[in-house]
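A.B. asks: Protein sequences, first through last, are from chains L and W. If you're matching positions, the first sequence starts at 72 in this note's numbering and goes up one per residue. If you're matching positions, the second sequence starts at 45 in this note's numbering and goes up one per residue. All residues carry an ideal CB built from backbone N, CA and C; glycine is no exception. My questions all concern the structure below.
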Amino acid sequence: MAIPNPAAPRFAVRTRTRVSAIAIVCSLALIAVLAALPFFAGRSVMQNLFFILTMLSLAQFWNLLAGYSGLISVGQQAFVGLGAYLLFAWTILGGVDPILAIVLSGLIAALVALPTSFLVFRLKGAYFAVGTWVVAEVFRLVLAQVKILGGGTGTALPKEVTNDSALVSWIARATGARTAVARDMADYWLALILAIGAIALVYALLRSRRGLALAAIRDNEAASGSVGVDAIAMKRLVYVVSALGAGMTGALIYLAKARISPDAAFSLIDWTAYVFFIVIIGGIATIEGPIVGVLVFWLIQDELASFGSVYLMLLGALAIVIMLFFPKGLWGTLADRLDFHLFPIRRRLEFTDGASPPILQPDSVKETP
Amino acid sequence: MTGIFDTILQGVLLGGLYALFAAGLALIFGVMRLVNLAHGDLIVLAAYIILLLANSLHLGVILGFLLALPLMFAAGYLLQAGLLNRVIGEDILAPLLTTFGLSIILQNAMLTGFSADSRRLTSDGIETASLPLFNGVAIGIMPLLTFLAAVGVIIALNQLFYRTALGRAFRAVSDDPVTARLMGIDDRRLFAVAMGIALAVCTVAALFLGLRANFDPTIGPGRLIFAFEAVIIGGLGSLWGTLAGGIILGVAQTVGASINPEWQLLAGHLAFLVVLATAPRGLFPRAVD
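Below, the structure written as structure tokens:
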């Protein structure tokens, strides 16, 4: 034990840094530009950004599961597809407004995730991963039996849902844009709100007491239990929140696609393999990682997607190379080198009177005789 | 009545095929705690290699299979020594991601190399021959041979594990890798041998998969899921349990399919979920993890 020193340096636990303060200001400016974008950018830009923003939302929620909670799921397509199908059910069968339907679909996906968690949480580690995949297969096979939503071949959204919704009509009236353009604007703004919401939610969760508990579980589950962290309850919360996010994102993606089939809505490649890739290449367990990852992924996709299977082989090989040589991804490797964090979640011990932490001065810590 | 008996009999025999899928997966998990997400794709790859040797070199299926065995063993050895040994360890993300990436690479490489067409192994009409039992119930020769092969593979693996020095080393590494290393066991080389054996078992599974049904480059993930379900239903650590798991899965599927052909896969998955809900350690568990 160190001798209590009356002149002990006063310290504070901080997460914020000067860089992060600047980052917040820059983010707000970027959000303002992105929000105003439909007024000066073309439809193809909006459609590309829609893809980037929805994949970013999925990546943030998968990162919350795998990166921060150690729950490596290869079955998030279960909730993407479920949310998408629920949107079709609410709007076609229930006549609900699409915006409300997106929220309701996410909430029901989360509600379904709760009992599902009791099943898949019985499997540990890698078996959990395959278990989530089986759950996704079950959802796909069950929804392929729902004949009123098109069964195995799927169905399309009617024009009243896609083109005549309250939001699209309002945008068309307010901006004077054609219906097709107004629809792209509506989808884009919804995707922007969702992506910002996803980042804000994950960031707020990780900065809260629960985030501290998650970090404790990740570092040592047994030790975290001994100081009162309920690891299973925390993981269940994360699993349900991720299902909410995946469900809402799935609903929005299929509102824009307007055409659904079980094989597409529950696609392992589209909703899990790509998301896996985005998070790994950007940097797992960071908020910035998926943002970097989705941009890199979009660039690769834009250049090479026309090569079909060769493109997918390249993605697989790239993921393996990144895992072998840069397991922290592009952002993680860079941030570690430069100690540069735009969205810091690590608690730092800072001495308010300018003293250095004792760790750097081993001589100052004396053992009592 | 004979209808029900027939359905269950076919299910039991189908279970033999699933046990063959599962044996390699269980072996790898038992020795090195690795869940190989490319397992199903490696089975499909083995089927294409048999097909290639049998057709292009005009060797016939049996000779093609016998040549594919050492090839797949070598592929497994090199895969483990060159790649997977670098990622296995405490962290489960790296092996999962690597084998997932491998699965995508294999699927698309096979799509490029062999096209998306369904293929089949053929061997002198044996694949359609059947053995009449009674009252019109007949038992296909191929399903019967598949089941016998599963039993044979499990007996052989059990002999290997419990009767040989190699098997003793496998069990030692599985129980306590650190102490095993202290006793002079080269665990990395051992893992490579285990992966080689697992892929040889995959080749046996591929032979029967290809003789019984059509295959194409995309069916790998589905085979992995069946293998995984058989392992979990049976309980970790027991190869006979894996056979029991395969049989339960097979019977659930044929019973589901007899009610409605679209329910075949769903019935199998539901059987798995029921076992998971009621007996999370499987029906015949032996291992603690």
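Over what stretch of residues does the alpha helix (DSSP H) that includes residue 188/L continue unbroken?
C.D. replies: In the first sequence, residue 188/L corresponds to position 117, counting from 1. Counting along the chain, the alpha helix (DSSP H) containing residue 188/L begins and ends at 169-191.
A.B. asks: Report yes if the C-beta distance between residue 293/W and residue 264/W is below 7 Å; otherwise report no.
C.D. replies: Walking along the second sequence from the start, residue 293/W turns up at place 249. Walking along the second sequence from the start, residue 264/W turns up at place 220. No.
A.B. asks: Would you please verify whether the beta carbon of residue 68/W is less than 7 Å from any beta carbon of chain L?
C.D. replies: Within the second sequence, the letter at position 24 stands for residue 68/W. So, not an interface residue.
A.B. asks: Is residue 159/L helix, strand or coil by DSSP?
C.D. replies: Start at 1 with the first residue of the first sequence, and residue 159/L comes out as number 88. Residue 159/L falls in the helix class under three-state DSSP.
A.B. asks: Would you say residue 194/W and residue 63/W are within 7 Å of each other, going by their C-beta atoms?
C.D. replies: Residue numbering aside, residue 194/W sits at position 150 when the second sequence is read from its first letter. Residue numbering aside, residue 63/W sits at position 19 when the second sequence is read from its first letter. Yes, these two residues count as a Cβ contact at 7 Å.
A.B. asks: Does the beta carbon of residue 102/W fall short of 6 Å from some heavy atom of the ligand FMN?
C.D. replies: The ligand FMN is absent from the structure shown, which contains no ligands of any kind.
A.B. asks: Mind checking which residues open and close the alpha helix (DSSP H) that includes residue 233/W?
C.D. replies: The sequence position of residue 233/W within the second sequence is 189, counting from 1. 231-256 is the extent of the alpha helix (DSSP H) around residue 233/W.
A.B. asks: In the region 150-173 of chain W, which residues sit with their C-beta less than 7 Å from some C-beta in chain L, listed in chain order?
C.D. replies: Answer in chain order: 152, 153, 155, 156.
A.B. asks: Give me, in chain order, the residues of the same chain whose beta-carbon lies closer than 7 Å to that of residue 402/L; leave out the 5 immediate sequence neighbours on both sides.
C.D. replies: Start at 1 with the first residue of the first sequence, and residue 402/L comes out as number 331. So the qualifying residues of the chain are 353, 354, 357, 359, 360, 363.
A.B. asks: Secondary structure at residue 181/W, three-state DSSP: helix, strand or coil?
C.D. replies: Taking the first residue of the second sequence as position 1, residue 181/W is located at position 137. Residue 181/W falls in the strand class under three-state DSSP.
A.B. asks: Quick test of the definition: if touching needs 3 or more C-beta pairs under 8 Å, does the region 343-352 of chain L touch the region 215-229 of chain L?
C.D. replies: The region 343-352 of chain L vs the region 215-229 of chain L: no contact.
A.B. asks: Is residue 258/W buried or exposed, if buried means 16 or more other CB atoms sit within 10 Å of its CB?
C.D. replies: Along the second sequence, one-based indexing puts residue 258/W at 214. Exposed, since its Cβ has fewer than 16 Cβ neighbours within 10 Å.
A.B. asks: Would you report the Cα separation of residue 192/W and residue 57/W, rounded to the nearest angstrom?
C.D. replies: What you label residue 192/W is simply residue 148 of the second sequence in a count that begins at 1. What you label residue 57/W is simply residue 13 of the second sequence in a count that begins at 1. Whole-angstrom Cα-Cα distance: 9 Å.
A.B. asks: Should residue 217/W be flagged as near chain L, meaning a C-beta pair shorter than 7 Å?
C.D. replies: Residue mapping note: residue 217/W aligns to position 173 of the second sequence, counting from 1. It does not: the Cβ of residue 217/W has no partner Cβ on chain L nearer than 7 Å.
A.B. asks: How many Å lie between residue 258/L and residue 394/L at the Cα?
C.D. replies: Numbered from 1 along the first sequence, position 187 holds the residue referred to as residue 258/L. Numbered from 1 along the first sequence, position 323 holds the residue referred to as residue 394/L. Rounded to the nearest angstrom, the two C-alpha atoms are 34 Å apart.
A.B. asks: CB residue 146/L to CB residue 203/L, shorter than 7 Å?
C.D. replies: As a first step, residue 146/L must be located in the first sequence, where it is residue number 75. As a first step, residue 203/L must be located in the first sequence, where it is residue number 132. Their beta carbons are under 7 Å apart, which means residue 146/L touches residue 203/L by this criterion.
A.B. asks: Quick one: what's residue 175/W bridged to in DSSP?
C.D. replies: Locating residue 175/W in the second sequence gives position 131, where the first residue counts as 1. Note: residue 175/W sits in a beta bridge opposite 183/W.
A.B. asks: Whose C-alpha, out of 75/W, 54/W, 69/W, 48/W, is nearest the C-alpha of residue 345/W?
C.D. replies: With chain W covering only 45 through 333, there is no way to say anything about residue 345/W.
A.B. asks: Could you say if the region 372-390 of chain L and the region 145-153 of chain W meet the contact criterion of at least three C-beta pairs nearer than 8 Å?
C.D. replies: In short, these stretches touch, since the Cβ pair count reaches three.
A.B. asks: Check whether the region 280-296 of chain L touches the region 156-175 of chain L, taking contact to mean three or more Cβ pairs, one atom from each stretch, closer than 8 Å.
C.D. replies: Contact between the region 280-296 of chain L and the region 156-175 of chain L is absent, because fewer than three Cβ pairs lie under 8 Å.
A.B. asks: Where does residue 83/L sit, in a helix, a strand or coil, going by DSSP?
C.D. replies: Start at 1 with the first residue of the first sequence, and residue 83/L comes out as number 12. Residue 83/L falls in the strand class under three-state DSSP.
A.B. asks: Assign residue 269/W to one of two classes, buried (16 or more other C-beta atoms within 10 Å of its C-beta) or exposed (fewer than that).
C.D. replies: Reading the second sequence from its first residue, position 225 is the one you call residue 269/W. With 16 or more Cβ atoms within 10 Å of its Cβ, residue 269/W is classed as buried.
A.B. asks: Could you tell me whether any Cβ in chain L is nearer than 7 Å to the Cβ of residue 293/W?
C.D. replies: Taking the first residue of the second sequence as 1, we reach residue 293/W at position 249. Residue 293/W does not count as touching chain L.
A.B. asks: Cβ of residue 138/W less than 7 Å from any chain L Cβ?
C.D. replies: Against the second sequence, residue 138/W aligns to sequence position 94. Cβ-Cβ to chain L under 7 Å: yes for residue 138/W.
A.B. asks: By the three-class DSSP mapping on this structure, what secondary structure does residue 106/W have?
C.D. replies: Along the second sequence, read from residue 1 onward, the residue named residue 106/W stands at position 62. Residue state, collapsed to three classes: helix.
A.B. asks: Taking 7 Å as the CB-CB cut-off, is residue 272/W touching chain L?
C.D. replies: Your numbering for residue 272/W matches position 228 in the second sequence. Taking Cβ atoms only, chain L reaches closer than 7 Å to residue 272/W, which makes this a yes.
A.B. asks: Buried or exposed: residue 303/L, going by 16 or more other Cβ atoms within 10 Å of its Cβ?
C.D. replies: Here residue 303/L refers to the residue found at position 232 when the first sequence is read from its first residue. Classification for residue 303/L: exposed.
A.B. asks: Is residue 287/W near residue 198/W, with beta carbons less than 7 Å apart?
C.D. replies: By 1-based counting over the second sequence, the position of residue 287/W is 243. By 1-based counting over the second sequence, the position of residue 198/W is 154. Taking 7 Å as the Cβ cut-off, residue 287/W and residue 198/W qualify as a contacting pair.
A.B. asks: Going along chain W, which residues have a C-beta under 8 Å from residue 339/L?
C.D. replies: Sequence index remark: in the first sequence, residue 339/L carries index 268 (1-based). The contacting residues are 265.
A.B. asks: Give the C-beta separation of residue 340/L and residue 131/L to the nearest angstrom, bearing in mind that I take them to be a contact with Cβ-Cβ under 8 Å.
C.D. replies: On the first sequence, residue 340/L is found 269 positions in, with the first residue counted as 1. On the first sequence, residue 131/L is found 60 positions in, with the first residue counted as 1. The Cβ separation is near 19 Å, so there is no contact.
A.B. asks: Under a Cβ-count criterion, where at least 16 other Cβ atoms within 10 Å of its own Cβ denotes burial, should residue 227/W be classed as buried or exposed?
C.D. replies: Residue numbering aside, residue 227/W sits at position 183 when the second sequence is read from its first letter. Residue 227/W is exposed by the Cβ-count criterion.
A.B. asks: Does the CB of residue 319/W have a neighbour CB from chain L at under 7 Å?
C.D. replies: For the purposes of this step, residue 319/W is taken as residue 275 along the second sequence, with counting starting at 1. Closer than 7 Å: no.
A.B. asks: Look at residue 93/W and residue 80/W and say whether their C-beta atoms are less than 7 Å apart.
C.D. replies: Residue 93/W sits at position 49 when you count from the first residue of the second sequence. Residue 80/W sits at position 36 when you count from the first residue of the second sequence. Going by C-beta atoms, residue 93/W is not nearer than 7 Å to residue 80/W.
A.B. asks: What does residue 306/W touch in chain L if you count any residue whose Cβ is under 7 Å from its own?
C.D. replies: Locating residue 306/W in the second sequence gives position 262, counting from the first residue. The contacting residues are 216.
A.B. asks: To the nearest angstrom, report how far apart residue 159/L and residue 315/L are at their CA atoms.
C.D. replies: In the first sequence, residue 159/L corresponds to position 88, counting from 1. In the first sequence, residue 315/L corresponds to position 244, counting from 1. If I take the Cα positions, the gap works out to 17 Å.
A.B. asks: Does the region 120-131 of chain W come into contact with the region 236-244 of chain W, if we say contact requires no fewer than three beta-carbon pairs (one atom in each stretch) closer than 8 Å?
C.D. replies: The region 120-131 of chain W vs the region 236-244 of chain W: in contact.
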